[in-house]
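Inspection log for the structure reproduced underneath, given as structure tokens.
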Amino acid sequence: MKVIQRGFTLVELMVVVAIVGILAAAATPLYQTYIKRAAYTEIVSAMAPVQTAIAICYQDSGSLSNCDAYSKLGVNEPTSYGALGSLVLNPGTAALYATPTNYKGLISTETCTLTPVVTGSVIGWVFSGPCIDNGYVKQ
Numbered sequence: 001m002k003v004i005q006r007g008f009t010l011v012e013l014m015v016v017v018a019i020v021g022i023l024a025a026a027a028t029p030l031y032q033t034y035i036k037r038a039a040y041t042e043i044v045s046a047m048a049p050v051q052t053a054i055a056i057c058y059q060d061s062g063s064l065s066n067c068d069a070y071s072k073l074g075v076n077e078p079t080s081y082g083a084l085g086s087l088v089l090n091p092g093t094a095a096l097y098a099t100p101t102n103y104k105g106l107i108s109t110e111t112c113t114l115t116p117v118v119t120g121s122v123i124g125w126v127f128s129g130p131c132i133d134n135g136y137v138k139q
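Residues in the sequence shown are numbered consecutively from 1, following my numbering.
Right under this line is the structure:
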């Protein structure tokens, strides 16, 4: 009588476990980066209303120096919540400095700068800092 083998051998199971381990080791860093980018969208979303207010103020006044304070813009400074620690409006240049909190892998030293760039009568925006270096924000 023949004995029919059923199930997997130990070697086959070990190969499967090794493959799963390799895939998990490769996927974990990518997932961590994805989580950080997702958390950084809260910061970019908090910058958007101030960015719009600066653009409107510039179109009305013709000078960024007239748009370099929350009181001049007529908007309130965003409060700290979630990933956003603070959003500072630089006097003179109207650049926005967003500092994250230690949240979902973000570090409070990863300050992102959003600088207005005037070309003729058109205002554009340029991100700089660790948010670009770490791939959280694209230009």
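By construction, the Cβ of each residue, glycine as well, lies at the ideal position given by its N, Cα and C atoms.
Only a predicted model underlies this, so the values are computations on that prediction, with no experimental measurement involved.
Helix or strand or just coil, what does DSSP make of Gly-85?
The residue labelled residue 85 in the question sits at position 85 within the sequence shown. Reduced to three states, the DSSP call for Gly-85 is strand.
Runs of alpha helix (DSSP H) lying entirely within the stretch 49 to 137, each at least 4 residues, in chain order:
70 to 73, 130 to 133
Report the three-state DSSP secondary structure of Lys-36 (helix, strand or coil).
Reading the sequence shown from its first residue, position 36 is the one you call residue 36. Residue state, collapsed to three classes: helix.
For Ala-39, which of Pro-100, Ala-26, Pro-49 has the nearest alpha-carbon?
Locating residue 39 in the sequence shown gives position 39, counting from the first residue. Among Pro-100, Ala-26, Pro-49, the Cα nearest to that of Ala-39 is on Pro-100.
Below 7 Å CB to CB, which residues in the same chain sit around Gly-92 once its five sequence neighbours on both sides are set aside?
Your numbering for residue 92 matches position 92 in the sequence shown. Closer than 7 Å at Cβ, skipping near neighbours: Ser-65, Asp-68.
Please go through the same chain and pick out, in chain order, the residues whose beta-carbon is closer than 6 Å to the beta-carbon of Gly-124, but skip the five residues on each side of it.
Start at 1 with the first residue of the sequence shown, and residue 124 comes out as number 124. Val-117.
With DSSP collapsed to three states, give me the class of Gly-7.
For the purposes of this step, residue 7 is identified with residue 7 of the sequence shown, where counting begins at 1. Coil, per DSSP.
Are the beta-carbon atoms belonging to Ala-98 and Leu-87 less than 8 Å from one another?
Locating residue 98 in the sequence shown gives position 98, where the first residue counts as 1. Locating residue 87 in the sequence shown gives position 87, where the first residue counts as 1. Cβ distance < 8 Å, so Ala-98 and Leu-87 count as in contact.
For Cys-112 versus Ile-35, is the C-beta spacing smaller than 8 Å?
For the purposes of this step, residue 112 is identified with residue 112 of the sequence shown, where counting begins at 1. For the purposes of this step, residue 35 is identified with residue 35 of the sequence shown, where counting begins at 1. Contact flag unset, no.
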